[in-house]
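A.B. asks: Numbering (UniProt numbering), first residue to last: 1 to 317.
Note that beta-carbon positions come from the ideal geometry of N, C-alpha and C, so glycine has one too.
There's a structure below that I have some questions on.
Have a look at this one:
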């Protein structure tokens, strides 16, 4: 029976009951006596309460579906509305759940393509920075050195200063290229790449310590890259926003693969909305079937935890 006819017949039953009472034991005279007015008012209140209860019971599945629609988030997949209620409502909930399945699959596919293209573009830019800009600055350094060796003494100091500025620019170009394309990850593996990343972020203002567990499982290249990018984004956020002076990077084996935990002693994220960086980490985690959680650490600050499986075959970041 459709929702319209259910509500129509239930309300009709209430009205028929009221009419039966008026035609039977309940009578109304003119003018209306106080007792009759009280009986009519009580009957009207009872009908309204009964009608409200009937509608709430009939429409409660739609209210649950509305809450599910409001809270649905493709970055937190797997949440589905429970299929309850009569035919039309159950069909509507089932259709909504099917739509969420399709949207999550389409988002995963499109995100995989986007992140794959992003990584390819990063590799291309890093290669051009290293080959083109790096070689050009190296040539400038050699020219400056040659000119400084043959320049008059008054100009030599300025040329040496230009050399140091050029050398600093060359070092910065190389650092950017390493962040865009983690060669250490490709050549030496995840553990060495995390050590290098911690050493790069470590400064007198922010001390970064790494704790790498023994007997780490072998991960496929896609999973290693996701773990590395999550660690990179997390430490970058700590350096830029956390107002922290200490960060810890933990990587250890878990029952399903590896567990990456990054904690800091900064101001934390209590009440702060998730930015594009955390959203990007969630998308990367979804591609390899990993679980990412961002919360307040045991001693304050922020804790980012990534549980990555070691047997992923599909999903390329």
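1) Specify, as a first and last residue, the run of the beta strand (DSSP E) that residue 125 falls within.
2) How many Å lie between residue 285 and residue 12 at the Cα?
3) At 3 residues or longer, what runs of the beta strand (DSSP E) sit wholly inside the stretch 165–240?
4) Taking 8 Å as the cut-off, does the stretch 259–274 touch the stretch 289–305 (at least 3 CB pairs, one atom from each stretch)?
5) Look up residue 293 in the DSSP assignment and say whether it is helix, strand or coil.
6) Would you say the stretch 90–110 touches the stretch 59–74, given that touching needs at least three Cβ pairs under 8 Å?
7) Measure from the alpha carbon of residue 277 to the alpha carbon of each residue in 262, 300, 309 and 233, then state which is nearest.
8) Going straight from the alpha carbon of residue 302 to that of residue 230, what length do you get?
9) Can you give me the Cβ contacts of residue 137 inside the same chain, cut-off strictly under 7 Å, excluding the 5 residues immediately before and after it?
10) Name the DSSP bridge partner or partners of residue 262?
11) Tell me whether residue 78 sits in a helix, a strand or coil according to DSSP, three-state version.
12) Per DSSP, which one or two residues make a beta bridge with residue 257?
13) Find out if the Cβ-Cβ distance for the pair residue 245, residue 205 is shorter than 8 Å.
14) Which residue's Cα is closest to the Cα of residue 115: 283, 289 and 207?
15) Which residue wins for smallest C-alpha separation from residue 125, given the options 180, 94, 274 and 216?
16) Under the rule that 16 or more other beta-carbon atoms within 10 Å means buried, what is residue 66, buried or exposed?
17) Which class does residue 61 belong to by DSSP, given the choice of helix, strand or coil?
18) Between 273, 214, 139 and 247, which has its C-alpha nearest residue 253's C-alpha?
19) Just curious, the alpha helix (DSSP H) that residue 145 is in, first and last residue?
20) Assuming contact is defined by CB atoms lying nearer than 8 Å, are residue 199 and residue 182 in contact in what I supplied?
21) Cutting at 7 Å between CB atoms, please list the residues of its own chain near residue 14, excluding the five before and the five after it.
22) Is residue 100 buried or exposed, if buried means 16 or more other CB atoms sit within 10 Å of its CB?
23) As a quick exercise: from 82, 39 and 260, pick the residue whose alpha carbon is nearest that of residue 248.
24) Would you mind reading off the limits of the alpha helix (DSSP H) that contains residue 283?
25) Quick check on the burial criterion: 16 or more other C-beta atoms within 10 angstroms. Buried or exposed for residue 308?
26) In angstroms with no decimal places, state the Cα-to-Cα distance between residue 255 and residue 161.
27) Quick one: grab the DSSP three-state call for residue 298.
28) Roughly how many angstroms separate the alpha carbons of residue 220 and residue 185, rounded to a whole number?
C.D. replies: According to the structure shown:
1) Here residue 125 is taken as the residue at index 125 of the chain shown, counted from 1. Per DSSP, residue 125 belongs to no beta strand (DSSP E); it is in the alpha helix (DSSP H), 87–128.
2) Your numbering for residue 285 matches position 285 in the chain shown. Your numbering for residue 12 matches position 12 in the chain shown. So the two alpha carbons sit approximately 54 Å from each other.
3) 207–212
4) yes
5) Mapped onto the chain shown, residue 293 falls at position 293. In the structure shown, residue 293 sits in a strand (DSSP, three-state: E or B).
6) yes
7) The sequence position of residue 277 within the chain shown is 277, counting from 1. Of the listed residues, the one whose Cα sits closest to residue 277 is 233.
8) On the chain shown, position 302 is the one that residue 302 refers to. On the chain shown, position 230 is the one that residue 230 refers to. About 14 Å.
9) Taking the first residue of the chain shown as 1, we reach residue 137 at position 137. So the list reads 166, 169, 170 and 173, once near-sequence residues are dropped.
10) Looking up residue 262 in the chain shown gives position 262. Answer is 249 and 304.
11) Reading the chain shown from its first residue, position 78 is the one you call residue 78. Coil at residue 78, not helix or strand.
12) Along the chain shown, one-based indexing puts residue 257 at 257. In DSSP, residue 257 forms a bridge with 309.
13) On the chain shown, position 245 is the one that residue 245 refers to. On the chain shown, position 205 is the one that residue 205 refers to. Yes.
14) Translated into positions along the chain shown, residue 115 becomes position 115. Nearest C-alpha to residue 115: 283.
15) As a first step, residue 125 is located in the chain shown; it is residue number 125 there, counting from the start. Measuring from the Cα of residue 125, the nearest candidate turns out to be 180.
16) Sequence index remark: in the chain shown, residue 66 carries index 66 (1-based). So residue 66 counts as exposed.
17) On the chain shown, residue 61 is found 61 positions in, with the first residue counted as 1. If DSSP states are grouped into helix, strand and coil, residue 61 belongs with the helices.
18) Here residue 253 is taken as the residue at index 253 of the chain shown, counted from 1. Residue 214 is the option with its Cα nearest to residue 253.
19) Taking the first residue of the chain shown as 1, we reach residue 145 at position 145. Here the alpha helix (DSSP H) through residue 145 covers 134–150.
20) By 1-based counting over the chain shown, the position of residue 199 is 199. By 1-based counting over the chain shown, the position of residue 182 is 182. No, Cβ-Cβ distance for residue 199 and residue 182 is not below 8 Å.
21) For the purposes of this step, residue 14 is taken as residue 14 along the chain shown, with counting starting at 1. Counting only Cβ-Cβ distances below 7 Å, and skipping sequence neighbours, we find 47, 50 and 51.
22) Position 100 of the chain shown, counted from the first residue, corresponds to residue 100. It counts as buried.
23) Within the chain shown, the letter at position 248 stands for residue 248. Nearest option by C-alpha distance: 260.
24) Taking the first residue of the chain shown as position 1, residue 283 is located at position 283. Unbroken alpha helix (DSSP H) run through residue 283: 276–287.
25) Here residue 308 corresponds to residue number 308 of the chain shown, with the count starting at 1. With 16 or more other Cβ atoms within 10 Å, it is buried.
26) Taking the chain shown and counting its residues from 1, the one referred to as residue 255 is at position 255. Taking the chain shown and counting its residues from 1, the one referred to as residue 161 is at position 161. Answer to the nearest angstrom: the Cα atoms are 55 Å apart.
27) In the chain shown, the residue the question calls residue 298 occupies position 298. The answer is strand: DSSP assigns residue 298 an E or B state.
28) As a first step, residue 220 is located in the chain shown; it is residue number 220 there, counting from the start. As a first step, residue 185 is located in the chain shown; it is residue number 185 there, counting from the start. For residue 220 and residue 185, the distance between alpha carbons rounds to 12 Å.
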